[in-house]
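First up is the structure itself, then whatever we jot down about it.
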Amino acid sequence: MCAGTLRGNSTMIPVLAPLFPGDWAAHGDGVALAGENACGQPTVAQLLEDAEALPLILARQARHFGAAALAPVASVWTLTYFWRLLPPVAAAASVLQRVLPTAARQVKPQFDGDGAVLRLLIPHDGQAQPGRDTHARYAPLLHEHLEPLATRLAQCARLSPKITWGNVARYLDLTLSQLMQAMPGNSQLAQDRALLLDAPLWRGEPNPMYRAPREVLRDTPQGPRARALLRRCCLYYMLPGHGYCDLCPLSAPNRPTRETRGA
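Quick note, the sequence shown lines up with residues -3 to 259 if you use the numbering used here.
Laid out in structure tokens, this is it:
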């Protein structure tokens, strides 16, 4: 799938370049303009509609990890997928008020030999939509890409959509929080983050990324500091030779005690 053409090349979408300077550039080039690099590749929608396509990709990941169970393989596969997809799309939507064409029918993914996503190609650099609300700017990503992906992963890998959406929330939170630190005067970032991640409902419907936050204390040179736990376990510990993430809610040190459970 033309994966070899990607390595070592700078493919940042030009309008995003000011948001990902220097060392940040690697976090902004996961989405690129298709141009001649598309090489006739299928779109995400076509991969999801093909009964064999996504299972074959996940089988390559399973061989790479030496794992038999597909659910943890699929979950970890989405971590790479979302880390390539979400930073540039969220930065465009929240900072530039620009909606990139990210519906599943518009995006063409490129994979490495083990089935991991290298880059996602889009047909153009989107449309500025100043003044549009959070839901409108994020709708193509959430409802026309991530929702059908979560549904298909549940069908072919028995991966709970709660875990898929937890992985989305993990990297969307990280992206928006990092941008908020870099741009403390940008109120839109905080508003988008709150509506996307902290609101139990989206326009009257349950928000699949919402989960009541939990924190744990971690020792630092400056003394104990509170750290937010991940919303959902990503099942990484189920892969051979791997353990729990430091901030996994299922890791024994992070599980609520009898005194705090339900608080």
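Positions of the beta carbon are idealized from the N, C-alpha and C atoms, including for glycine.
Anticipated Cβ contact below 8 Å, residue i with residue j, distance rounded
i    : j    : result
A86  : L29  : Contact flag wrong, Cβ pair sits at about 18 Å.
L191 : L172 : So it is not a contact: roughly 11 Å between Cβ atoms.
G24  : L43  : At roughly 24 Å, the Cβ-Cβ gap does not stay under 8 Å, so G24 and L43 are not in contact.
P83  : G26  : 7 Å
R133 : Q93  : 7 Å
L149 : A222 : 32 Å between Cβ atoms; not a contact.
T98  : L137 : 5 Å
T130 : Q187 : 7 Å
L175 : S90  : 7 Å
A135 : V40  : Their Cβ separation, rounded to whole angstroms, is 16 Å, which puts A135 and V40 out of contact at 8 Å.
A153 : L54  : 6 Å
Limits of the beta strand (DSSP E) - the one that residue i falls within
i    : result
R227 : Neither: R227 is in no beta strand (DSSP E) and is coded neither H nor E.
L29  : 27 to 29
L213 : 211 to 214
Inter-residue spacing [alpha-carbon to alpha-carbon] between residue i and residue j
i     : j    : result
D108  : R115 : 9 Å
L195  : N203 : Reading the sequence as shown, one finds Ala at residue 195 and not Leu. Spanning the two alpha carbons is a distance of roughly 7 Å.
G162  : L225 : 12 Å
A124  : A67  : 38 Å
A34   : A165 : 28 Å
R227  : N250 : 12 Å
M(-3) : H139 : Low per-residue confidence applies at M(-3): pLDDT is 32, beneath 50, and the placement is therefore not dependable enough to give any value.
L50   : V103 : 15 Å
Q177  : F16  : 14 Å
Q142  : V72  : A small fix is needed here, since residue 142 is Leu in this sequence, not Gln. Distance between the alpha carbons of L142 and V72 is about 15 Å.
R214  : G36  : 49 Å
P252  : M205 : 21 Å
N182  : A88  : 13 Å
Limits of the alpha helix (DSSP H) - the one that residue i falls within
i    : result
V40  : 40 to 45
A132 : 130 to 137
Y167 : 157 to 178
D188 : 183 to 189
F61  : 49 to 61
T147 : 143 to 153
Beta-bridge partners of residue i, as assigned by DSSP
i    : result
E201 : W198
P105 : L116
A70  : None, per the DSSP bridge assignment.
R94  : A124
Original post:
So, do the region 59 to 78 and the region 229 to 239 have three or more beta carbon pairs nearer to each other than 8 Å?
Top reply: The region 59 to 78 makes contact with the region 229 to 239; the number of CB pairs closer than 8 Å reaches 3 or more.
Subject >> the region 115 to 131 contacting the region 144 to 159, beta-carbon criterion three pairs below 8 Å >> reply: Flag = no, the region 115 to 131 and the region 144 to 159 do not touch.
Original post:
Do the region 73 to 82 and the region 241 to 250 make contact, defined as three or more Cβ pairs closer than 8 Å?
Top reply: Between the region 73 to 82 and the region 241 to 250 there are fewer than three C-beta pairs closer than 8 Å, too few to call the two in contact.
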